[in-house]
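With my numbering, the residue at position 192 of the sequence shown is 192, and numbering never jumps.
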Amino acid sequence: MEDILTLERVSKVYEPNITALDEVSFSVKRGEFLFITGPSGAGKSTLLNLIFRAEKPTSGEIYFEGRPLSSLKKKEVPFFRRKIGFVFQDFKLLENRSVFENVAISLEIQGIGEDEIRRRVLKILERLGLSGKETQPVRQLSGGEKQRVALARAIVNRPKLLLADEPTGNLDSRRTEEVMEIFEDLNAEGTTIILATHDEALYAERHRRVLVLDQGRLLNP
Ligand SMILES: Nc1ncnc2c1ncn2[C@@H]1O[C@H](COP(=O)(O)OP(=O)(O)OP(=O)(O)O)[C@@H](O)[C@H]1O
Ligand SMILES: [Mg+2]
1 MEDILTLERV
11 SKVYEPNITA
21 LDEVSFSVKR
31 GEFLFITGPS
41 GAGKSTLLNL
51 IFRAEKPTSG
61 EIYFEGRPLS
71 SLKKKEVPFF
81 RRKIGFVFQD
91 FKLLENRSVF
101 ENVAISLEIQ
111 GIGEDEIRRR
121 VLKILERLGL
131 SGKETQPVRQ
141 LSGGEKQRVA
151 LARAIVNRPK
161 LLLADEPTGN
171 LDSRRTEEVM
181 EIFEDLNAEG
191 TTIILATHDE
201 ALYAERHRRV
211 LVLDQGRLLN
221 P
């Protein structure tokens, strides 16, 4: 399989002098399920943010499907992001909107018809155990429910690449298992997944490639 993503000596320095990532290089094959781990502050979220083009590297280059992200024009960024699902560590949900609206938003922006949106959103909510919560404002949900809404929003668009930042951090062990099953299913359906976590239990015994970050450096490229 060809590489869907390549990082070449990517560094990110926050002013005045925090090196969040230090010359990180690796490639991800299409269809891979890759874990990124390392202690708090190692640079995991920074790495995912750079791949999503939420931020730009200080130096180095990121290639998605062969194209350098530095060549993306501003108006191309939303189209690029449609190929990528992102489960944010802090969810970034619209707290006053309903569960349904939060998941439907990315489809509405693309002008998909109302019936199709309804069908797809309800199906995803069911898959994530959120049936019955459709009309509830997100601010009334538990942390674990919000985490699953964030996942639903990230996958409803059927992204080629799914970036998940600590996606089970608020779930109990049973929900964690359920969500990991969903990641496995999505991966089996062809979605490339990069999952960042400090939780060893998530990748233990899964026999997937695990990259370890420490103070912005990759320990095992
Ligand atoms: N916007 C920012 N401005 C300044 N420093 C930042 C910024 N974002 C991250 N950092 C710093 O960069 C380093 C890496 O942070 P990052 O959030 O990527 O770590 P992480 O591995 O995701 O940690 P955690 O496991 O706690 O989520 C930290 O030292 C952090 O303080
Ligand atoms: Mg983080």
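Note that the Cβ used here is the ideal one computed from N, Cα and C, for glycine as well.
For clarity, every value in this text was computed on a predicted model and none was experimentally measured.
Identity of the residues DSSP links to residue i by a beta bridge
i	result
D214	R217
T223	Residue 223 cannot be examined here, being either before or after the span of the chain that is shown, 1 to 221.
F26	L7
G85	L162
F35	L195 and V210
P68	Y63
A98	The displayed chain sequence assigns Ser, not Ala, to residue 98. P137, per the DSSP bridge assignment.
Straight-line gap, residue i to residue j (C-alpha atoms, nearest Å)
i	j	result
I109	L186	23 Å
L128	R97	18 Å
F26	E8	7 Å
F100	F86	18 Å
E178	T168	10 Å
F88	R53	14 Å
R120	R148	16 Å
K44	G132	34 Å
E65	L34	17 Å
M180	E76	32 Å
L211	I105	33 Å
K146	E134	12 Å
A201	I182	16 Å
Contact belief for residue i with residue j at Cβ below 8 Å, rounded distance in angstroms
i	j	result
L161	I4	6 Å
R209	E23	About 19 Å separates the two Cβ atoms, so there is no contact after all.
R153	V103	5 Å
G190	L171	The pair is not a contact, with the Cβ atoms about 25 Å apart (cut-off 8 Å).
I36	P159	Incorrect: roughly 17 Å between the Cβ atoms, too far for contact.
heavy atom of ligand 4 below 7 Å from residue i C-beta
i	result
T168	Because ligand 4 does not appear in the structure shown, any question about it cannot be addressed here, the ligands present being ligand 1 and ligand 2.
Neighbour-count burial assignment, residue i, 16 or more Cβ in a 10 Å radius
i	result
T46	buried
E114	exposed
E49	In the sequence as displayed, the identity of residue 49 is Asn instead of Glu. N49 comes out buried.
Q140	exposed
A188	exposed
N157	buried
I18	exposed
A42	buried
G216	buried
Report yes or no: do three or more beta-carbon pairs, one from the region 188–204 and one from the region 146–165, lie closer than 8 Å?
Counting Cβ pairs under 8 Å, three or more are found: they touch.
Between the region 12–30 and the region 50–69, do at least 3 Cβ pairs fall closer than 8 Å?
Yes, the region 12–30 is in contact with the region 50–69.
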